[in-house]
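**Q**
Chains as they are written, first to last, in my numbering: chain Z, 1 to 378; chain B, 379 to 756.
#1: Whole angstroms are fine: how far does the CA of residue 257 of chain Z sit from the CA of residue 354 of chain Z?
#2: Is the region 36-52 of chain Z close to the region 12-26 of chain Z, with three or more CB pairs under 8 Å?
#3: According to DSSP, simplified to helix, strand and coil, what is residue 667 of chain B?
#4: Mind checking if residue 63 of chain Z is an interface residue toward chain B, Cβ cutoff 7 Å exclusive?
#5: By how many angstroms is the C-alpha of residue 652 of chain B removed from the C-alpha of residue 699 of chain B?
#6: Have a look at Z:364, Z:203, Z:279 and flag the residue whose alpha-carbon is nearest the alpha-carbon of residue 254 of chain Z.
#7: Spell out whether any CB of chain Z is found under 7 Å from the CB atom of residue 693 of chain B.
#8: Have a look at Z:6, Z:298, Z:91 and flag the residue whose alpha-carbon is nearest the alpha-carbon of residue 181 of chain Z.
#9: Would you list the one or two residues that DSSP bridges to residue 388 of chain B?
#10: Go to residue 245 of chain Z, then tell me how far its beta strand (DSSP E) extends in each direction, as first and last residue.
#11: Please report the residue range of the alpha helix (DSSP H) in which residue 167 of chain Z lies.
#12: What's the call for residue 310 of chain Z, buried or exposed, on a 16-neighbour Cβ count within 10 Å?
#13: Taking the straight line between their C-alpha atoms, what separation do you get for residue 520 of chain B and residue 144 of chain Z?
#14: Per DSSP, residue 485 of chain B forms a beta bridge with which residues?
#15: How about residue 44 of chain Z: is its C-beta nearer than 7 Å to some C-beta of chain B?
#16: Would you say residue 111 of chain Z reaches chain B, if we count a Cβ-Cβ gap shorter than 7 Å as a contact?
#17: Residues of chain Z with a CB under 8 Å from the CB of residue 672 of chain B: which are they?
#18: Quick check on the burial criterion: 16 or more other C-beta atoms within 10 angstroms. Buried or exposed for residue 483 of chain B?
#19: Considering just the uninterrupted stretch of the beta strand (DSSP E) at residue 266 of chain Z, what are its terminal residues?
#20: For residue 19 of chain Z and residue 463 of chain B, I'd like the C-alpha separation in whole angstroms.
#21: Would DSSP call residue 615 of chain B helix, strand or coil?
#22: Taking the straight line between their C-alpha atoms, what separation do you get for residue 599 of chain B and residue 571 of chain B?
#23: Does any CB atom of chain Z fall closer than 7 Å to the CB of residue 476 of chain B?
#24: Under the DSSP definition of a beta bridge, which residues are partnered with residue 437 of chain Z?
#25: Taking only beta-carbon positions, decide if residue 103 of chain Z is within less than 7 Å of chain B.
#26: What would DSSP say about residue 419 of chain B, mapped onto helix, strand or coil?
#27: State buried or exposed for residue 31 of chain Z, treating a residue as buried only when at least 16 other CB atoms are found within 10 Å of its CB.
#28: Give the DSSP bridge partners of residue 503 of chain B, in chain order.
#29: Beta-carbon of residue 375 of chain Z versus every beta-carbon of chain B: anything under 7 Å?
#30: CB-CB under 8 Å to residue 643 of chain B, same chain, minus the five flanking residues each way: which ones, in chain order?
#31: Is residue 471 of chain B closer than 7 Å to residue 439 of chain B when the C-beta atoms are compared?
#32: Going by Cα to Cα distance, which pick from B:629, B:645, B:674 is closest to residue 660 of chain B?
#33: Counting C-beta neighbours from all protein chains within 10 Å, is the total for residue 714 of chain B 16 or more, i.e. buried, or is it exposed?
#34: Over the uninterrupted alpha helix (DSSP H) stretch that includes residue 711 of chain B, give me the two end residues.
#35: State the DSSP-derived secondary structure class of residue 232 of chain Z, mapped to helix, strand or coil.
#36: With a cut-off of 8 Å on the beta carbons, I'd call residue 53 of chain Z and residue 287 of chain Z a contact; round off their distance for me.
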């Protein structure tokens with residue numbers, strides 16, 4: 001059955017769980033990390049490479065694709081799966097976050113948002129119905145409700161207004177759906193305020209949507225504040241639905257959130273950092289442009305099974321970045337995505353073994369005393 | 379035996395031939411097209427992808443690698459094959475062409491060239507012995523003699539001086555060789571002057587080098603003038619040695635040169651044009667940024683077996699270029715290299731069938747009346 005979500009293991013020591021979400025394009029094992037393919041391409045990687053690093057579902061951005069090439073063009077070309085030749089599940093966001101963060105805002109009102117395209121200034125409007133329409137054109141397996149996402153810190157009144165609109169808009173999104181092969185996830189707002197989050201969640205739960213996301217985090221606040229909020233909130237989200245934390249984050253943020261009960265994540269960090277010569281390794285980050293790697297013939301991570309680590313030296317990757325060769329960003333994007341997926345695999349195994357709390361403790365200790373990240377910059 | 383060159387078929391109607399060149403990293407079937415990996419990377423492609431499109435040997439540039447990361451660093455890291463993880467044969471040029479075309483020249487004298495790095499202005503000197511030393515550090519299977527390569531048109535005296543130096547330097551290069559696992563190819567200069575080319579060839583033949591290249595073409599002259607020179611010259615090069623035309627060229631130039639007796643080619647055209655949204659198809663070139671491809675769900679070339687044509691539409695590739703996605707250059711580089719290799723495969727089959735003259739006639743007709751190239755630009 002499409003979108004059935006089954007939980008196989010609940011961790012004994014934390015709120016973490018292992019599960020499977022069925023989609024029209026195949027099952028997703030959770031917890032899951034979703035690479036970001038903003039404009040219909042995970043930057044620098046072919047679909048084969050994305051699959052090879054272990055990605056099972058990818059994310060694409062409604063706002064960007066609506067602006068270019070346009071959602072109707074994607075629909076005419078067979079939808080996003082055909083367009084970008086990704087045969088697995090896809091999730092599209094609602095465009096809300098980008099409208100607030102990228103576009104030149106014209107006006108937010110109770111019914112939607114008027115804005116100007118950040119590409120060419122074209123006046124546009126996005127509201128619950130049009131966001132759903134665009135996402136139906138794109139044809140992702142999971143689509144997101146259109147929400148208002150205020151930057152943090154925000155006044156209480158701003159957050160309350162955003163929560164109120166987000167709830168009302170979620171209902172309008174559900175009513176606007178004309179396809180039955182897409183799961184509409186609701187988005188919970190409410191900033192760092194637990195009560196507001198809970199009341200938002202309660203209202204959205206009445207819609208009985210197939211999944212719920214935590215939005216409005218990783219938008220300027222301290223990551224520890226986010227972790228505290230999630231610790232109190234995530235496990236109070238409907239237990240039988242997948243829980244998705246939008247736009248997060250660093251490995252430590254992800255494992256903390258999983259322990260708090262979150263199932264799904266997306267973030268540009270592995271690919272964006274990779275394009276900027278940063279490689280994730282256990283306990284830190286290497287900056288491959290650093291001169292210390294000039295003659296380093298070891299792989300980025302000797303324990304990693306990715307194509308980059310199985311073949312190339314740090315010295316070669318440094319050379320690629322200094323010579324502005326595209327292959328550098330490609331190889332580090334591959335490695336960083338693989339690093340994230342391997343972390344998630346370790347987390348899943350720990351949940352099954354009932355040892356996630358230990359893994360998290362180890363990561364917290366590494367995080368408190370980073371042996372690599374701090375000393376690695378030029 | 380390393381570097382044995384055997385000819386399997388001589389075309390009955392032209393001077394073309396099919397052969398095999400043995401190298402320490404495996405055999406090369408000729409005629410052959412070699413992708414260019416200037417800085418130790420064929421731009422945007424992994425070694426797996428390069429192999430998958432059918433490349434058997436790649437080229438790297440001595441000048442660029444000597445400047446960055448430095449040939450001694452490459453040597454310390456195990457040589458170019460290990461450094462860039464290409465397990466097949468590699469050819470390095472001598473650096474001569476780049477010194478004359480890219481560097482700020484300080485002084486050309488009878489013994490070599492003093493110049494300033496185009497990267498940081500560092501004063502450097504390249505001469506026959508240092509070029510061989512650098513190429514031994516890099517460790518390619520085929521290395522090139524250091525030559526003087528004047529731009530065309532050039533005064534007769536300039537060409538004569540270049541020929542004289544090129545001959546003398548070739549002997550010095552041979553004397554400077556300390557490795558016996560690298561084939562040193564001589565380079566023939568002499569501009570568009572057949573007599574000068576023949577006398578240069580005659581002098582170089584006395585060195586009995588394992589291969590000979592035609593240098594100093596595709597440097598400003600009309601491609602038809604190049605074709606005329608090659609028609610009279612290529613078949614007079616030693617018949618039992620591989621003949622390499624450096625830096626050429628368009629598909630028509632390559633097939634003309636093969637018919638004249640050339641065996642080996644390299645050119646940045648397939649990858650550089652690919653990065654600029656141009657795709658080679660039979661009889662012309664498509665510019666994928668063109669708005670006519672906005673809704674075109676067909677592949678670039680329905681007859682092509684490359685990953686790009688087997689999966690992606692022209693509309694998607696156009697979108698990638700308009701959105702500045704790295705995947706666009708990668709996919710078109712893949713396709714264009716595959717297009718070149720498929721052309722060479724057709725040429726080899728035609729040589730074996732004795733029908734190369736017919737294939738060339740067809741290509742000349744398409745070339746005279748291009749159906750795609752001329753009308754395709756925005």
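Built from N, CA and C at the ideal position, the CB exists for glycine as well.
**A** Based on what the coordinates show:
#1: If you take the alpha carbons of residue 354 of chain Z and residue 257 of chain Z, they lie about 16 Å apart.
#2: no
#3: coil
#4: no
#5: 10 Å
#6: Z:364
#7: yes
#8: Z:91
#9: When DSSP reads this structure, residue 388 of chain B sits in a beta bridge with B:395.
#10: Start and end: 243-245.
#11: 156-176
#12: exposed
#13: Residue 520 of chain B and residue 144 of chain Z: Cα-Cα distance of roughly 57 Å.
#14: B:492
#15: For residue 44 of chain Z, the closest Cβ of chain B is nearer than 7 Å.
#16: no
#17: 69, 73
#18: exposed
#19: 264-266
#20: 39 Å
#21: coil
#22: 12 Å
#23: no
#24: Nothing can be reported for residue 437 of chain Z, as the shown portion of chain Z is limited to 1 through 378.
#25: no
#26: coil
#27: buried
#28: B:492
#29: Low confidence applies here, because residue 375 of chain Z scores a pLDDT of 39, under 50, leaving its location unreliable; read the following figure in that light. No, no contact with chain B.
#30: 409, 410, 411, 412, 622, 623, 626, 627, 632, 635
#31: Here residue 439 of chain B is near residue 471 of chain B, since their CB atoms are less than 7 Å apart.
#32: Nearest of B:629, B:645, B:674 to residue 660 of chain B, Cα basis: B:629.
#33: buried
#34: Residue 711 of chain B -> alpha helix (DSSP H) spans 705-731.
#35: Helix at residue 232 of chain Z.
#36: The Cβ separation is near 21 Å, so there is no contact.
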